[in-house]
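Just so you know, we're using full-length UniProt numbering here: the sequence shown kicks off at 1 and counts up by one.
Working notes for the structure below.
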Amino acid sequence: MATATMSSYSLQPFTTSEDKYRGAVVEDLQLPPAFSISSNEAISRAVEMAYERDFSHIPVLNSNRRPLGYVDVAKLKERWEAGKANPDDKVSQYMTKFKRSSTEPYTTITPLSPLSDLEGFLKTNIFALVTDHDRKFVLAVATTHDLDNFVSRRGL
Numbered sequence: 001m002a003t004a005t006m007s008s009y010s011l012q013p014f015t016t017s018e019d020k021y022r023g024a025v026v027e028d029l030q031l032p033p034a035f036s037i038s039s040n041e042a043i044s045r046a047v048e049m050a051y052e053r054d055f056s057h058i059p060v061l062n063s064n065r066r067p068l069g070y071v072d073v074a075k076l077k078e079r080w081e082a083g084k085a086n087p088d089d090k091v092s093q094y095m096t097k098f099k100r101s102s103t104e105p106y107t108t109i110t111p112l113s114p115l116s117d118l119e120g121f122l123k124t125n126i127f128a129l130v131t132d133h134d135r136k137f138v139l140a141v142a143t144t145h146d147l148d149n150f151v152s153r154r155g156l
């Protein structure tokens, strides 16, 4: 099982010398609502739901709805098709866990986080979970593709 550095608490925001996003925040990306799965879900169901929603990575939550990690859908499907994963196996067996430690604090990305902060976070992460401030709910998943689309729509 792999680990990933997915963060959610940082006192210092990512900053750039100039805000190319003109003060826009994550909410301005107009992201679709998050799709996440329980760590106990079967991988067959996870793959099916991901393709229905066109998601490449799915956040995995525990029974209290706290983020544990994520599933890379393409890798999961590849393992399944190669016979290295049983469709009834639990998602928890194939997820990449978020690394949580005192040396790697969380960076909270909320709907009101500046896009410049999101851009800085995405320089070292494949995606960001957009949560409420207390991290009780995963609201959306943001990627560099979402930022690029925003820039092209706004002509920035």
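Even glycine gets a Cβ: it sits at the ideal position worked out from N, Cα and C.
Own chain residues within Cβ distance below 6 Å of residue i, not counting five before or after
i	result
Arg53	Phe35
Asp88	Ala42
Asp132	none
Closest by C-alpha distance to residue i, when choosing among the options
i	options	result
Ala24	Pro111, Asp72, Pro67, Leu61	Pro111
Leu129	Ser101, Ser152, Pro33, Tyr21	Pro33
Lys123	Tyr51, Val91, Thr144	Thr144
Exposed unless 16 or more other CB atoms sit within 10 angstroms - verdict on residue i
i	result
Gly83	exposed
Pro114	buried
Ser101	exposed
Tyr51	exposed
Gly69	buried
Asp148	exposed
Where residue i falls: helix, strand or coil (DSSP)
i	result
Ser102	coil
Thr131	strand
Asp51	The sequence as given places Tyr at residue 51; Asp does not occur at that position. If DSSP states are grouped into helix, strand and coil, Tyr51 belongs with the helices.
Ser36	coil
CB-CB length for residue i against residue j, believed under 8 Å
i	j	result
Phe127	Thr107	Contact doesn't hold; Cβ gap of about 13 Å is too wide.
Own chain partners of residue i with C-beta closer than 8 Å, once the 5 adjacent residues on each side are dropped
i	result
Val47	Val73, Leu76, Lys77, Trp80
Ile109	Ser8, Val26, Asp117, Leu118, Phe121, Ala128, Leu129, Val130, Thr131, Ala142
Contacts around residue i, its chain only, beta-carbon distance under 7 Å, and the 5 residues preceding and following it disregarded
i	result
Asn62	Ser39, Leu68
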